[in-house]
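The structure appears below as structure tokens.
Numbering (the numbering used here), first residue to last: 6 to 702.
See below:
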């Protein structure tokens, strides 16, 4: 950012000009004062000098004069000199006896000061004589007439007005030259100061305003301005270097040294721009492939081996991607466990898929982290410019959509973006929006499917199943909106709603005098990882006045194997609360028997895929039998779901199954229908009804 200096300031140039102008004005005032003083002094000196000349001439003539008349020619002669108005001789009585002006004869002269012989002195203006000028100009001289043995006074009147006019002319001439000299001096000094001081400072100002662009001109290599200029230059250079480092750091992932998401997006925009400029040329050269790679189960590595091991895994993945990428490709870490690769000039989709497969295989190579060997896997989403989009944001979004599909397909999957993926994303967004509205408007409902004791045939419980009847779409299956809820975070308020509604309804049935049964509610993996799940369930039970023994939570087998220690802790707290725990879809996941012993599980539910073949007399009963025996050995009950025929029912009874659930026992039904079903449940149970039906047949 450029440093901006305010425009509301007085520049150094203005200050220097003002100072020099002030100095010039002072000099002119002083010159004027001096001229005035010189005028007075010069006028007096000129007047005295002229009077002294006249006096000397008269005194010289008086040496040989025997009468006053002898010097009258001299008096007349000197009186005609320039700037002399008149000359006269006064006797000892002070009366003028000889004068160049007739009007002066016989008039007295008043000389108050004592005159020194031979010395011309200025005396007071002789007013009685009249005709004096603007300036004092009367001078007197005591002259010795040796032959007459007398001392007379010689009076000389100088024309000071004439001398003053000459002096004023000289003064104006002098003043003019002084003004010119001062102006020239100020201009010269101003130019010198500008060159030595102002120009370097203005250069520094421009240098500072431009943030260090250009060159800082200094007044000299060793003066103060030069030192400031170098210091300022060093400061801007350090600032520029620091900003450059910050730009690099801002675009770099600190852990792997790869570019980050911002760098990835900027580089993709640049490559797309280059492709646009190649429009109409080599089609292959303008293609740009965008790949997003995600590490599977990276969180498990962090949780089991620690964050240091997770960091090493990310660093190792970055090295692999850098090594496998083509020259000119851009590799970046764009998320926690996500990496992006930009492939400019990729020929076609097949080449992009081949490169993606090679990267997935390389990332999947075993890695030893300390004492543990980690078998990592990855999946990839791919998209191509220009066929899938012409904007960096669109391409990244398309690659994300393809990656989401790859995650569903499983580890090692490489999925190329297709336009139907975008349509599915739009559909998911629509479902998410409508689901939020359904939660707010209470448009959801619970259906209840009975669980039957296989021996007595009586209803011993029910599973609460959420149903959504959309205002426009009609019935929306849970398989469509539950994944959307889990991805968007809506599953948390959804689970809270199901828990509260199931507990409220069960308590209502109990208050109506119906048989007390347990209601099972499915919870998601996100719910299990919530630290407040136990408190939420406890508060729900208290709020509805339901005993914990009549609430059961069902979790899937694969769900409990994620964050095992965290899940076990949560399940134990819930079991300690008195809530039953069941594992749904058992046999379809990858649970370890060692972990199964640690789970505080009350029931195992055999997946419907195994129940479907249980009536097969060959080997369809093998897996259900193993599950039943294992559960009983661990002190758990077994529920078989998806029971649809009497043969399946009887075969499961023979295998020792405890409870059944399915259309044979009862379809999912609204609360009101289930209430009727529960009231009308036969005394002999489902088993008695089944036997009666078989006999009738």
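Glycine included, every Cβ here is placed at the ideal spot set by N, Cα and C.
{"Check": "Residues sharing a beta bridge with residue 713, DSSP", "Outcome": "There is simply no residue 713 to check, as the chain begins at 6 and stops at 702 in what is shown."}
{"Check": "Length at least 3, wholly inside the segment 519-546: the beta strand (DSSP E) runs in chain order", "Outcome": "523-527"}
{"Check": "Beta-carbon proximity check, residue 456 vs residue 680, cutoff 9 Å", "Outcome": "no"}
{"Check": "Assigned exposure category for residue 352 - 16 Cβ within 10 Å defines buried", "Outcome": "exposed"}
{"Check": "Distance between residue 467 and residue 701 (C-alpha atoms, nearest Å)", "Outcome": "The predicted model places residue 701 with a pLDDT of 38, which falls under 50 and marks its position as unreliable, so this point remains unresolved."}
{"Check": "CB contact flag (residue 497, residue 533, <9 Å)", "Outcome": "no"}
{"Check": "Contact belief for residue 160 with residue 145 at Cβ below 8 Å, rounded distance in angstroms", "Outcome": "5 Å"}
{"Check": "The segment 293-313 contacting the segment 376-385, beta-carbon criterion three pairs below 8 Å", "Outcome": "yes"}
{"Check": "Beta-carbon proximity of residue 503 to residue 530, cut-off 9 Å", "Outcome": "no"}
{"Check": "Reduced DSSP secondary structure (H/G/I, E/B, other) of residue 153", "Outcome": "coil"}
{"Check": "Own chain, CB closer than 7 Å to residue 354, minus 5 neighbours either side, in chain order", "Outcome": "389 and 421"}
{"Check": "Contiguous alpha helix (DSSP H) assignments of at least 4 residues, all confined to the segment 229-270", "Outcome": "229-255"}
{"Check": "Inter-residue spacing [alpha-carbon to alpha-carbon] between residue 632 and residue 565", "Outcome": "17 Å"}
{"Check": "Inter-residue spacing [alpha-carbon to alpha-carbon] between residue 536 and residue 575", "Outcome": "8 Å"}
{"Check": "Length of the line joining the Cα atoms of residue 526 and residue 248", "Outcome": "57 Å"}
{"Check": "Distance, residue 509 Cα to residue 643 Cα", "Outcome": "27 Å"}
{"Check": "Residue burial classification, residue 317 (beta-carbon count within 10 angstroms, cutoff 16)", "Outcome": "buried"}
{"Check": "C-alpha distance - residue 310 paired with residue 320, whole-angstrom precision", "Outcome": "15 Å"}
{"Check": "Residue burial classification, residue 629 (beta-carbon count within 10 angstroms, cutoff 16)", "Outcome": "buried"}
{"Check": "Opposing strand residues paired with residue 299 [DSSP bridges]", "Outcome": "343 and 384"}
{"Check": "Supposed contact pair residue 606 and residue 555 - C-beta distance, whole angstroms, cut 8 Å", "Outcome": "About 18 Å separates the two Cβ atoms, so there is no contact after all."}
{"Check": "Endpoints, alpha helix (DSSP H) assigned at residue 5", "Outcome": "Here the chain comprises residues numbered 6 to 702, so residue 5 is not present and cannot be evaluated."}
{"Check": "When 661, 674, 590 and 684 are compared against residue 647, the one with the closest alpha-carbon", "Outcome": "590"}
{"Check": "DSSP-derived helix/strand/coil call for residue 478", "Outcome": "coil"}
{"Check": "Member of 191, 637 and 164 whose CA lies at the smallest distance from the CA of residue 662", "Outcome": "637"}
{"Check": "Stretch pair the segment 295-303 + the segment 332-342: three plus CB contacts closer than 8 Å", "Outcome": "yes"}
{"Check": "Counted within 10 angstroms of its Cβ, other Cβ atoms place residue 262 as buried (16 or more) or exposed", "Outcome": "exposed"}
{"Check": "Among 392, 395 and 433, nearest to residue 410 - alpha-carbon criterion", "Outcome": "433"}
{"Check": "Cβ contact (3+ pairs, closer than 8 Å) linking the segment 176-184 and the segment 91-101", "Outcome": "no"}
{"Check": "8 Å contact criterion, which residue 406 and residue 364 should meet: CB distance rounded", "Outcome": "Going by Cβ atoms, the distance from residue 406 to residue 364 rounds to 19 Å, so no, they are not a contact pair."}
{"Check": "Inter-residue spacing [alpha-carbon to alpha-carbon] between residue 512 and residue 649", "Outcome": "29 Å"}
{"Check": "Three-state class that DSSP yields for residue 646 in the structure shown", "Outcome": "strand"}
{"Check": "8 Å contact criterion, which residue 449 and residue 471 should meet: CB distance rounded", "Outcome": "6 Å"}
{"Check": "Below-9 Å beta-carbon distance, residue 485 vs any chain B residue", "Outcome": "Chain labels in this structure do not include chain B; a single protein chain is all it has."}
{"Check": "Per DSSP, the bridge partner or partners of residue 115", "Outcome": "Residue 115 pairs with nothing; no bridge assigned."}
{"Check": "Backbone CA spacing between residue 391 and residue 414 [nearest angstrom]", "Outcome": "26 Å"}
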